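Just so we're on the same page, this note's numbering is the position in the sequence shown counted from 1, plus 809. We put the beta carbon where it would ideally sit given N, CA and C, even for glycine. Quick caveat, the model's predicted, so the values are computed rather than measured. A short write-up of the structure that comes next.
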Amino acid sequence: MPQVSDTAAQRIQVASTDPANIRNFCIIAHIDHGKSTLADRMLQMTGVVQPREMRAQYLDRMDIERERGITIKSQAVRMPWMTDDGEPFALNMIDTPGHVDFSYEVSRSLAACEGALLLVDSAQGIEAQTLANLYMAMEHDLTIVPVLNKIDLPAANPDKYAEELANLIGVEPEDCLRVSGKTGEGVEAVLDRIVSDIPAPEGNKDAPARAMIFDSVYDTYRGVVTYVRVVDGKLGPREKIQMFSTGSTHETLEIGVSSPEPKPSKGLGVGEVGYLITGVKDVRQSKVGDTITTAADPAEEALEGYQEPKPMVFSGLFPIDGSDYPVLRDALEKLQLNDAALTFEPETSAALGFGFRCGYLGLLHLEIVRDRLEREYDLSLISTAPSVVYQVTMEDGTDYTVTNPSEYPEGKIKEVREPMVAATILTPSDFVGPVMELCQSKRGQMNGMDYLSEDRVELRYRMPLAEIVFDFFDQLKSRTRGYASLDYQDDGDQAANLVKVDILLHGDHVDAFSAIVHRDDAYHYGVKMAGKLKELIPRQQFEVPVQAAIGSRIIARETIRAIRKDVLSKCYGGDISRKRKLLEKQKEGKKRMKMVGTVEVPQEAFIAALSSDAAGGGKN
């Protein structure tokens, strides 16, 4: 583990709280380009983490982050740094996730900063999420500091990628800092560049206090812990504060900075980033994007909040044990406090009982939320197959918004509109053909193609979101040997030839297995689902037909054979008419049973059918 150098050790000082000496910045990059490792070195260089406490990916606090090796939550930390001329500075750093599904975390972090370190892996170069995060930072008018990481790797080619990066953001190749997050090489130069290039925060220290909530977490013992960036004025301990959105007032029991563990202070001034605890247990009282002011001298207008996240993928979440429904509701409320991009509303299903319809930013987001609910709140859950939001217009002009196949209206439909996305794919030029073939098979329309360098191509497609959220990313990776990267953004909607495929068991609709698919894929979905259920549902005392239907037209069928008792076992020889009589009697009994019988689908069959049907999200 790299040690703090002698020169760095001499420069570590108590951080200044003068706004002119504060620098707020975040680290943005594609997934797996070394953001958390570089953050580790900065924590060591500035001395806020002692060598005996240090561990890899120090700011990744959740077990799930460590297991998967990805950052899910942004983490804010305050670090002291002294320049060569002896002036002390306070550096407020926010380490952000890299995956497209957690881009809302990145956008909130950018709004709390004046600058950003744009990190690029010098062995892999610029990737799709690098571009997406860069454009997001430019929209916020942030100062960009270009950094090439992993220069110690044998495959690193910093000169080539410095050229690419310089062309992208309009600087000279020599302006791109070269560092190794692993060995610590070049990290001091990055800290000095942050001080020299990133502007100090602006704000009026004499104006009424205004602070923006950019994150919050729930602590079982202390209630809601709110993370804020102070824009104007000052917030102090034991002071009455007021929330703009609800008008509710609370007393600040503790206020301080994360360095990186919570450290109480005498207050937060202009430009400072820190946390405050009011002891409030109601999670709805602390909304991300809300403005905090003082109750004694309130500000007249709120700060401009964040753009609300738009869920891209919907899925039902149902507790396996129905009595866990209230526990699931509380768990979702607490998780929403920690993950502002999650949305949910109550839903009932004839097959699965009471649950919630949840909105996510993508499949990995869905997987992480479900994993966190099961781990952190000890719940056993079934999640239904992911779906997107469709707009349905009937012949009579009525409009419906469909987030769940069970909401799909009956009757004459004039038009169905599905959400579209603008997808950006970066791939080596050798794989352009397979990538274009894949995009066209997923109903994509090409919008453009640019060569970023001799061997790297950017492809832009307009595609249906429904085609992307299942197995598109897995197929993209397999066709490009893992070299391609994908990013996508909402791009309106478009009319399409879509139908609802219902699954019928013994003539009864099972809403959990219904799906809205393109007419060309309907037969394939019906055959696949019917075959899967035939394998999963145990045999009954009577024959059970499993059918897939579009409206009243059956498009696929499988039959679960009946369990038959051997009624002829007691007939030793004798006349054939006696055997026939027994078989006819059995047949009549089976027919009567079929008329009154119902099929019970075991929970295991639901879980197996739905989980294997939903393709898992991978890393970008």
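Excluding the 5 residues flanking it on each side, ALA1232 has same chain C-beta neighbours closer than 6 Å at TYR1270, MET1272, TYR1297, in chain order. Sorting LEU1188, ALA965, CYS985, SER1068 by C-alpha distance to the C-alpha of LEU974 places CYS985 at the top.
Non-local beta-carbon contacts of ARG987 in its own chain, meaning distances under 6 Å to residues more than five positions away in sequence, involve LEU957, ILE960, PRO967, GLY995 in chain order. Check the Cα spacing between ASN830 and each of ALA899, MET888, ALA848: the tightest is with ALA899.
Boundaries cannot be given for THR1207, as no alpha helix (DSSP H) includes it and DSSP labels it neither H nor E. Checking the DSSP bridge columns, you'll see GLU1267 partnered with LEU1235, ASP1259. According to DSSP, LEU986 shares a beta bridge with VAL956. Nearest to VAL1122 by C-alpha distance, out of PRO1243, ILE1101, SER1196, is SER1196. Per DSSP, ALA1357 is one residue of the beta strand (DSSP E) stretching across 1353-1359. For the 9 Å CB-CB criterion, GLY934 and SER1250 do not form a contact. Across the set PRO828, ARG917, ASP930, the C-alpha of PRO828 shows the shortest separation from the C-alpha of PRO897. In this structure, VAL929 is the residue among VAL1082, TYR1030, VAL929 with its C-alpha nearest to the C-alpha of ASP841.
Three or more pairs of CB atoms, one per stretch, sit closer than 8 Å, so the stretch 1004-1014 contacts the stretch 1076-1084. GLY1164 carries a strand assignment under DSSP once its states are collapsed to helix, strand and coil.
In the DSSP assignment, TYR1297 falls outside any alpha helix (DSSP H) and lies within the beta strand (DSSP E) extending over 1294-1304. Within the stretch 1071-1128, the beta strand (DSSP E) runs of at least 3 residues that lie entirely inside it are, in chain order, 1071-1073, 1082-1086, 1100-1103, 1122-1128. CA-CA distance, GLU1352 to ILE1372, rounds to 8 Å. Around the beta-carbon of CYS1248, 16 or more other beta-carbon atoms lie within 10 Å, marking it buried.
Rounded to the nearest whole angstrom, the C-alpha separation of LEU926 and LYS969 is 19 Å. One alpha carbon belongs to ARG1184, the other to ILE903, and they sit about 26 Å apart. Just measuring C-alpha positions, the residue of PRO1347, GLY1360, SER1189 sitting nearest TYR1217 is GLY1360. Secondary structure note for GLU1156: its beta strand (DSSP E) is the uninterrupted segment 1152-1158. Collapsing the DSSP output to three states places THR846 in a helix.
Beyond the five residues adjoining it in sequence on each side, GLY1032 comes within less than 8 Å, by CB distance, of ILE1086, THR1087, GLY1088, VAL1089, LYS1090 in the same chain, given in chain order. Exclusion of the five residues before and after ALA1275 leaves VAL1197, GLU1227 as the residues of its chain whose Cβ lies within less than 7 Å of its Cβ.
The three-state reading of DSSP puts ASN833 in strand, counting E and B together. Counting C-beta atoms within 10 angstroms of its own C-beta, HIS1333 has fewer than 16 neighbours from the protein chains shown and is therefore classed as exposed.
Closest in alpha carbon position to ARG917, among GLY1340, ALA1016, MET1229, ALA1150, is ALA1150. Residue pairing of ASP1311 in beta bridges, as defined by DSSP: ALA1358. For ARG1366, the three-state secondary structure derived from DSSP is strand. Straight across, the Cα-Cα distance linking ARG1328 with LYS1309 is about 9 Å. Sequence-distant Cβ neighbours of LYS1119 in its own chain, meaning closer than 7 Å and more than five residues away, are ASP1299. In the DSSP assignment, LEU1137 falls within the alpha helix (DSSP H) that extends over 1134-1147. Listed as beta-bridge partners of ASP1330 by DSSP are no residues whatsoever. Straight-line spacing of the CA atoms in GLY1056 and TYR944 works out to 35 Å. CA-to-CA, the gap between TYR1186 and VAL886 works out to about 27 Å.
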